[in-house]
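Q:
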Amino acid sequence: MPAAGGIGPGNGKEYPGNLTPFVTITCIVAAMGGLIFGYDIGISGGVTTMTPFLQKFFREVWEKKEANKSTNQYCQYDSQTLTMFTSSLYLAALLASLVASTVTRKLGRRLSMLFGGLLFFTGALINGFAKAVWMLIVGRYLVSSVPLYLSEMAPYKYRGALNIGFQLSITVGILIANVLNYFFAKIKGGWGWRLSLGGAMVPALIITVGSLVLPDTPNSMIERGRTEEARAKLKKIRGEDDVDEEFRDLVSASDASKLVEHPWRNLLQRKYRPHLTMAILIPFFQQLTGINVIMFYAPFVNSNTIGFGDDASLMSAMVTGVVNVAATLVSIYGVDKWGRRFLFLEGGVQMLICQAVVAACIGAKFGTNGNPGDLPKWYAIVVVLFICVYVAGFAWSWGPLGWLVPSEIFPLEIRSAAQSINVSVNMMFTFLVAQVFLTMLYHLKFGLFMFFAFFVIIMSIFVYYFLPETKGIPIEEMNQVWKSHWYWSRFMEDLDYPINGNLEMSKGGQGPKLV
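Here the working numbering is used: the first residue of the sequence shown is 968, the next is one more, and so on.
Now the structure itself:
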């Protein structure tokens, strides 16, 4: 299958391989790791609108909410303790990602997912039986190498669609959490929040049990010296007996990676400048789209800021959850058809327009004093509609591609270290944005949406000029993409990867083109 812009997958190579049932099933099970992530994102905002939960753990927030029902809507939830509850998971994930490189290289991708599932199960158990705030936060601290696993298992022709299975499972997790929050909030006695938080044990069990039956990737087996076993596994994964060329390339890449004694230090080498830049900026930009503040806090933003009651706000969160899942399916269909860059840029324009409209709507009604008076129902519906269009734009662009692109561009010799940096940056900024969002809402008011819109403009410009198209190119051949790029080629001069003389990367970064 030819790659984007007319270049084949590296010097004319086309590795044989089918989308076998074995690959499909293993990738589906592995992607369930995203279900854990999504469930936690969705459950956090929901339980913080449940009055019994606030009364038990965040009574000062509940008292402020009750006292300010008719005054400033921007600052009812301005509590650092409450935001620490919602964002503590991501601080824990940040710390875990710093050691993920060593764990995945020593134990393989499969065992690292097993340990992650066990830790999350323990954390969910603690949260379900929590009696104090410290138990909530400790439980969430206990709660990933999944995108890396998917990229290495998938045939390059289907890598985009299968890898986005991880993002799809995140969106499904968010939707499940929103549905459960809606019904658990109706339980008499006020203990429904325990079921919401404890319910995270279910996706944790799925990934834990699933990881016991998942095979390790051929790349990981070769890294640990199990070459013959890796060859047999590659044949099974591809559904072909003729895998010699791909196998030789995997072994060559692994041999080269073993010569690298300090992958973290080597990331600073000039030839890895494009990879390091993407490992940092893509997750940085992904979080500054503002998506997580919408998904974290959608229920009580809807409940208070745009005039829905608690029950209706949980319902609107379910609607955005359905949109999230549907739009991710669009991305699965189109990522290997339309390419990464098209989805990045289209999604950026869509999010920018919606953020501007939402900011204008909230600014017109709430102003700077946060007291809108009586809000007509049509107004709230319009705001939620544009939030849904915004979520759709993210869900078929920066949502899945923010995980896919970094996982497919790193050479094997730096892959684990670079992926750890990618996840660390993602978790760090997820934590920071979640932690300061309510304070920023208090100070910036409706201007907060314009703050995120500004970064959407910046990230779209970055993608247009600096991100090459990676559709249809095997991971082992990805260096040729950088070597043919108008800007990044200057950092790749010391590489010995051959490149055809009749290729050139256009300045817009769309991909190699024939000249």
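All C-beta atoms in this analysis are idealised placements derived from N, C-alpha and C, irrespective of residue type, glycine included. Since the structure is predicted, the reported quantities are computational estimates derived from the model, not experimental observations.
Output the distance between the C-alpha atoms of Gly-1009 and Arg-1308, rounded to the nearest integer angstrom.
A: Each residue's alpha carbon lies about 28 Å from the other.
Q: Taking Leu-1411 as the reference, which of Cys-1321, Ile-1329, Val-1372 has the closest Cα?
A: It is Ile-1329.
Q: Report the residue from Ser-1374, Thr-1397, Glu-1207, Ala-1362 whose alpha carbon sits nearest the alpha carbon of Pro-1387.
A: Inspection of the sequence shows that residue 1387 is occupied by Ser rather than by Pro. Ranking the options by Cα distance to Ser-1387, first place goes to Ser-1374.
Q: With Trp-1158 as the anchor, note down where its alpha helix (DSSP H) starts and where it stops.
A: Premise fails: Trp-1158 is in no alpha helix (DSSP H) and is neither H nor E.
Q: Between the Cα of Phe-1150 and those of Ile-1189, Gly-1140, Leu-1162, spot the shortest distance and give me the residue it belongs to.
A: Comparing Cα-Cα distances from Phe-1150 to each of Ile-1189, Gly-1140, Leu-1162, the minimum goes to Leu-1162.
Q: Decide if Tyr-1432 is buried, meaning its Cβ has at least 16 other Cβ atoms within 10 Å, or exposed.
A: That one is exposed.
Q: Relative to the C-alpha of His-1452, which residue among Pro-1435, Met-1445, Thr-1016 is closest?
A: Checked all of Pro-1435, Met-1445, Thr-1016; the closest Cα to His-1452 is Pro-1435.
Q: Can you find the residues in the same chain that come closer than 8 Å, C-beta to C-beta, to Met-1168, ignoring five residues on each side of it along the sequence?
A: Contacts found: Phe-1088, Ala-1091, Leu-1092, Gly-1095.
Q: Got a sec? Which residues, its chain only, sit under 7 Å from Tyr-1454 by beta carbon, not counting five neighbours each side?
A: If we look at Tyr-1454 and ignore the five residues flanking it on each side, its Cβ neighbours are Phe-1433.
Q: Measure the alpha-carbon distance for Lys-1304 versus Pro-1343 and round it to whole angstroms.
A: Taking the straight line joining both Cα atoms gives about 43 Å.
Q: Give the secondary structure of Lys-1332 by DSSP, where H, G and I count as helix, E and B as strand, and everything else as coil.
A: Lys-1332 falls in the helix class under three-state DSSP.
Q: Quick one: Cα of Val-1392 to Cα of Gly-1257, how far?
A: Rounded to whole angstroms, Val-1392 to Gly-1257 spans 15 Å at the Cα level.
Q: Whose C-alpha, out of Gly-1012, Gln-1254, Asn-1145, is nearest the C-alpha of Phe-1396?
A: The shortest Cα separation from Phe-1396 among Gly-1012, Gln-1254, Asn-1145 belongs to Gln-1254.
Q: Do the region 1290 to 1298 and the region 1411 to 1422 meet, that is, are 3 or more Cβ pairs less than 8 Å apart?
A: Judged by Cβ distances under 8 Å, the region 1290 to 1298 makes no contact with the region 1411 to 1422, as fewer than three pairs qualify.
Q: Does the distance from the C-beta atom of Trp-1365 to that of Phe-1311 stay below 8 Å?
A: The answer is yes: Cβ separation under 8 Å.
Q: Under 8 Å: do the region 1369 to 1383 and the region 1236 to 1253 share three or more Cβ pairs, one atom per stretch?
A: Yes: at least three Cβ pairs fall under 8 Å.
Q: Roughly how many whole angstroms lie between the Cα atoms of Val-1400 and Leu-1086?
A: Approximately 24 Å, taken between the alpha carbons.
Q: Within the same chain, show all residues whose beta-carbon is closer than 6 Å to that of Phe-1353, passing over the 5 residues directly before and after it, in chain order.
A: Excluding positions up to five away in sequence, the list reads Cys-1321, Val-1324, Val-1325.
Q: For Ile-1424, tell me which candidate among Gly-1314, Trp-1363, Ser-1456 has the shortest Cα-Cα distance.
A: Taking only the C-alpha atoms, the option nearest Ile-1424 is Gly-1314.
Q: In three-state terms, what does DSSP make of Tyr-1357?
A: Helix, per DSSP.
Q: So is Thr-1048 buried or exposed if we call it buried at 16+ other beta carbons inside 10 Å?
A: That one is exposed.
Q: Is Gly-1012 near Ser-1136, with beta carbons less than 8 Å apart?
A: Contact flag unset, no.
Q: Here's the rule I'm using: 16 or more other beta-carbon atoms within 10 Å means buried, otherwise exposed. How should Arg-1487 be labelled?
A: With the chain running from 968 to 1482 in the structure shown, residue 1487 is simply not present.
Q: With distance defined between alpha-carbon atoms, name the residue in Gly-1177, Gly-1157, Thr-1295, Ile-995 nearest to Gln-1022.
A: Taking only the C-alpha atoms, the option nearest Gln-1022 is Gly-1157.
Q: Would you call Phe-1421 buried or exposed, if buried means 16 or more other Cβ atoms sit within 10 Å of its Cβ?
A: By the 10 Å Cβ count, Phe-1421 comes out exposed.
Q: Have a look at Phe-1082, Pro-1019, Glu-1444, Ser-1456 and flag the residue whose alpha-carbon is nearest the alpha-carbon of Val-1215.
A: The amino acid at residue 1215 is misidentified as Val; the sequence shows Arg. The residue with the shortest Cα to Cα distance from Arg-1215 is Glu-1444.
Q: Just to confirm, are Trp-1363 and Ser-1427 a CB contact at a threshold of 8 Å?
A: Cβ atoms of Trp-1363 and Ser-1427: not closer than 8 Å.
Q: Would you decide whether Lys-1332 is buried or exposed? Buried here means 16 or more other CB atoms lie within 10 Å of its CB.
A: Buried: at least 16 other Cβ atoms inside 10 Å.
Q: Smallest Cα separation from His-1229: which of Thr-1406, Leu-1061, Phe-1052, Ser-1383?
A: The shortest Cα separation from His-1229 among Thr-1406, Leu-1061, Phe-1052, Ser-1383 belongs to Ser-1383.
Q: Are Arg-1237 and Phe-1377 closer than 8 Å when you measure CB to CB?
A: Not a contact, by the Cβ cut-off of 8 Å.
Q: If you compare alpha carbons, which of Arg-1240, Met-1080, Val-1430, Glu-1207 is closest to Ile-1450?
A: Checking the sequence shown, residue 1450 turns out to be Lys, not Ile. Checked all of Arg-1240, Met-1080, Val-1430, Glu-1207; the closest Cα to Lys-1450 is Arg-1240.
Q: Is it the case that the Cβ atoms of Val-1351 and Ser-1283 are separated by a distance below 8 Å?
A: Their beta carbons are under 8 Å apart, which means Val-1351 touches Ser-1283 by this criterion.
Q: Taking 8 Å as the limit between beta carbons, can you name the residues of its chain near Ile-995, skipping five residues before and five after?
A: The answer, listed in chain order, is Gly-1132.
Q: Quick one: is Ser-1219 buried, meaning 16 or more other Cβ sit within 10 Å of its Cβ, or exposed?
A: By the neighbour-count rule (16 or more Cβ atoms within 10 Å), Ser-1219 is not buried but exposed.
Q: With a threshold of 6 Å on Cβ separation, who are the neighbours of Val-1014 within its own chain once the five nearest residues in sequence on each side are excluded?
A: If we look at Val-1014 and ignore the five residues flanking it on each side, its Cβ neighbours are Phe-1020, Trp-1160, Ser-1163.
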